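Taking our numbering, I'd label the letters of the sequence shown as residues 9 to 397. In what follows, a structure is listed as structure tokens, so that the remarks can point back to it.
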Amino acid sequence: MSTKDFIEKDYYKVLGVPKDATEAEIKKAYRKLAREFHPDANKGNVKAEERFKEISEANDVLGDPKKRKEYDDARALFGNGGFRPGPGAGGSFNFDLGDLFGGGAAQGGGGFGGGLGDVFGGLFNRGGAAGTRTQPRRGQDIESEVTLSFTEAIEGATVPLRMSSQAACKACSGTGDKNGTPRVCPTCVGTGQVARGSGGGFSLTDPCPDCKGRGLIAENPCEVCHGSGRAKSSRTMQVRIPAGVSDGQRIRLRGKGAPGERGGPAGDLYVVVHVGEHPVFGRKGDNLTVTVPVTFTEVALGGEVRVPTLGGPPVTLKLPPGTPNGRTMRARGKGAVRKDGTRGDLLVTVEVSVPTDLSEKARDALEAYREATAGDDPRAELFEAAKGA
């Protein structure tokens with residue numbers, strides 16, 4: 009707000025009190041109007057929010073004896089935009105207040121420099137502007153954890169989460185004052201921030217130390233929230249965990265965090281996912297893994313092997329003759345869901361199963377095989393390589 013607006017606004021009219029109203033009458037009028045037009049009692053009502061700002065602004069000036077005197081003196085000097093000369097000036101004349109408050113040498117102001125706004129800037133400690141009144145505040149971010157089964161992590165799941173966060177105190181409707189009538193913080197003028205010099209020609213802002221960044225001060229602190237306007241609240245919500253999440257992944261859900269203040273947006277919810285193990289399948293990135301036992305004859309002579317998949321029908325893989333133990337083959341599109349909706353692969357590793365109980369017929373067959381391959385030494389190259397090293 010400019011100094012011109014400051015002088016031209018009738019704060020007495022805003023609060024509905026006479027110019028000779030006492031401090032008690034001003035305080036009573038403010039409380040009544042603030043309770044009626046408070047944003048928490050008029051959610052989504054833009055007009056009520058603007059009205060509340062005007063009421064808070066008026067109370068900030070008229071409720072402070074020093075500011076009220078400066079305000080009365082300024083209006084007595086300038087009136088409603090008309091300059092009042094001293095005795096003997098030969099009447100009165102009007103001129104544009106913008107020449108005083110906005111004009112300087114660059115605008116033809118004749119040496120007023122920054123204008124009289126600099127003179128009256130001390131009214132709010134804001135360099136000639138009343139500053140932004142109580143602004144909406146974004147809610148806090150919340151972090152929670154959820155444990156999913158292996159299948160839920162691959163396919164996605166909707167899970168209930170019970171969360172505790174800070175929300176508007178129900179006892180005082182989020183005002184922090186048990187009467188529902190907090191006053192605008194005089195230190196930060198409702199902005200919740202104060203400037204500090206950096207020594208480099210500009211300033212930085214910090215949360216106001218007096219109102220703790222709220223922009224409001226409760227004269228009669230609420231017994232539940234102790235004047236903060238926020239109280240602990242618990243709620244249960246259904247959260248959709250997307251398909252393909254991995255163990256330890258941190259998911260951000262926008263707008264699912266703690267509610268904001270004074271119409272501000274809610275914070276975000278961060279969910280850390282823990283995934284349980286599966287008795288059959290493992291995972292490597294977007295691919296699933298499985299180890300399949302096979303017989304010696306299947307890898308030696310070749311054959312077809314049925315392989316289970318996660319949540320779907322089995323697939324059949326063809327083993328070529330002479331498949332080595334530990335070889336990994338790929339079943340495409342049978343893995344985890346990717347971000348683009350496609351799926352990774354299923355990596356199938358074959359492992360030769362050695363029988364521990366042979367029938368007499370099977371033993372005779374293996375003995376015959378050993379005699380037929382007696383001249384073969386699979387370790388010959390190993391020893392040759394060891395000698396040459």
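Note that beta-carbon positions come from the ideal geometry of N, C-alpha and C, so glycine has one too. These numbers were taken from a predicted model, which means no experiment stands behind them.
Residue range of the beta strand (DSSP E) that includes residue i
{"i": "Glu151", "result": "Ile150 to Leu156"}
{"i": "Asn295", "result": "Asn295 to Val302"}
{"i": "Lys326", "result": "Val323 to Leu327"}
{"i": "Glu318", "result": "It is Leu, not Glu, that sits at residue 318 in the sequence shown. Leu318 -> no beta strand (DSSP E), and no H or E assigned at all."}
{"i": "Ala339", "result": "Thr336 to Ala339"}
{"i": "Val345", "result": "First-last for Val345: undefined, no H or E at that position."}
{"i": "Thr357", "result": "Leu354 to Val360"}
Delimiting residues of the alpha helix (DSSP H) encompassing residue i
{"i": "Lys292", "result": "Segment Gly290 to Lys292 is the beta strand (DSSP E) holding Lys292; no alpha helix (DSSP H) there."}
{"i": "Gly396", "result": "Ala388 to Gly396"}
{"i": "Glu285", "result": "No alpha helix (DSSP H) contains Glu285, which DSSP labels as neither H nor E."}
{"i": "Arg371", "result": "Glu368 to Ala380"}
{"i": "Ala42", "result": "Glu31 to Phe45"}
{"i": "Val22", "result": "Tyr19 to Leu23"}
{"i": "Val54", "result": "Val54 to Leu70"}
Rounded straight-line distance, which links the Cα of residue j to that of residue i
{"i": "Gly24", "j": "Pro229", "result": "26 Å"}
{"i": "Ser157", "j": "Gly310", "result": "36 Å"}
{"i": "Val247", "j": "Leu169", "result": "7 Å"}
{"i": "Ser206", "j": "Lys74", "result": "Confidence is the limiting factor: at Ser206 the pLDDT is only 49, short of 50, which leaves the residue's position unreliable, though a coordinate-based value still follows. Spanning the two alpha carbons is a distance of roughly 30 Å."}
{"i": "Thr303", "j": "Pro321", "result": "22 Å"}
{"i": "Thr317", "j": "Lys342", "result": "7 Å"}
{"i": "Val288", "j": "Val298", "result": "6 Å"}
{"i": "Val202", "j": "Asp214", "result": "5 Å"}
{"i": "Glu57", "j": "Phe45", "result": "7 Å"}
{"i": "Gly40", "j": "Gly200", "result": "According to the sequence as given, residue 40 is Lys; it is not Gly. Approximately 24 Å, taken between the alpha carbons."}
{"i": "Ser236", "j": "Ala339", "result": "59 Å"}
{"i": "Lys64", "j": "Cys180", "result": "Per the sequence shown, the amino acid found at residue 64 is Ser instead of Lys. So the alpha carbons of these two residues sit roughly 18 Å apart."}
{"i": "Leu390", "j": "Thr331", "result": "20 Å"}
{"i": "Pro194", "j": "Asp28", "result": "23 Å"}
{"i": "Thr189", "j": "Glu227", "result": "8 Å"}
{"i": "Val280", "j": "Glu375", "result": "58 Å"}
{"i": "Ala165", "j": "Ala373", "result": "52 Å"}
{"i": "Tyr20", "j": "Glu78", "result": "14 Å"}
Spatially closest choice to residue i from the options, by CA coordinates
{"i": "Gly182", "options": "Arg222, Ala84, Asp353 and Val315", "result": "Arg222"}
{"i": "Glu35", "options": "Gly52, Ala175, Ala176 and Arg191", "result": "The sequence shown places Lys at residue 35, not Glu. Of Gly52, Ala175, Ala176 and Arg191, the residue nearest in Cα terms is Arg191."}
{"i": "Ser242", "options": "Ala176, Pro73 and Glu379", "result": "Ala176"}
{"i": "Gly290", "options": "Arg335, Leu354 and Gly268", "result": "Leu354"}
{"i": "Arg346", "options": "Tyr19, Leu277 and Leu296", "result": "Leu296"}
{"i": "Val54", "options": "Pro321, Pro144, Ala308 and Lys240", "result": "Pro144"}
{"i": "Glu153", "options": "Arg146, Gly147 and Ser172", "result": "Ser172"}
{"i": "Ile150", "options": "Lys240, Asp185, Cys196 and Ala226", "result": "Lys240"}
{"i": "Tyr278", "options": "Gly293, Ile259, His286 and Lys292", "result": "Ile259"}
{"i": "Arg59", "options": "Asp72, Val69 and Arg43", "result": "Arg43"}
{"i": "Gly293", "options": "Arg314, Gly284, Gly330 and Ala344", "result": "Ala344"}
{"i": "Leu224", "options": "Arg378, Asn67 and Thr364", "result": "Asn67"}
{"i": "Met245", "options": "Lys264, Gln257 and Cys233", "result": "Lys264"}
{"i": "Thr305", "options": "His234, Gly184, Leu390 and Tyr377", "result": "Tyr377"}
{"i": "Ala32", "options": "Val280, Gly396, Leu70 and Gly164", "result": "Leu70"}
{"i": "Arg76", "options": "Gly383, Ala37 and Thr30", "result": "Thr30"}
{"i": "Ser361", "options": "Lys369, Glu392 and Ala308", "result": "Ala308"}
{"i": "His234", "options": "Pro26, Arg262 and Asn187", "result": "Asn187"}
{"i": "Lys326", "options": "Asp348, Pro363, Val356 and Thr350", "result": "Val356"}
Contact test: residue i Cβ vs the ligand MG heavy atom, cutoff 7 Å
{"i": "Glu285", "result": "For the structure depicted, the ligand MG is absent and the ligand set is empty, with no information on it obtainable."}
Minimum Cβ-Cβ distance from residue i to chain C less than 8 Å
{"i": "Ala376", "result": "Absent from the structure: chain C. Only one protein chain is present."}
### Task
Could you tell me which uninterrupted beta strand (DSSP E) segments, each at least 3 residues in length, are contained entirely in the region 157-219, listed from first to last along the chain?
165-176, 201-205 and 211-215
### Message
Assess contact between the region 244-260 and the region 159-175, defined as three or more Cβ pairs (one per stretch) separated by less than 8 Å. Is contact present?
### Response
yes
### Query
Is it a yes or a no for the region 73-82 touching the region 37-54, going by three-plus beta-carbon pairs under 8 Å?
no
### Query
What are the start and end residues of each continuous beta strand (DSSP E) run of 3 or more residues lying completely inside the region 213-271, in chain order?
238-249 and 258-261
### Stretch-stretch touch, CB-based, cutoff 8 Å, three pairs: the region 263-277 with the region 210-219
no
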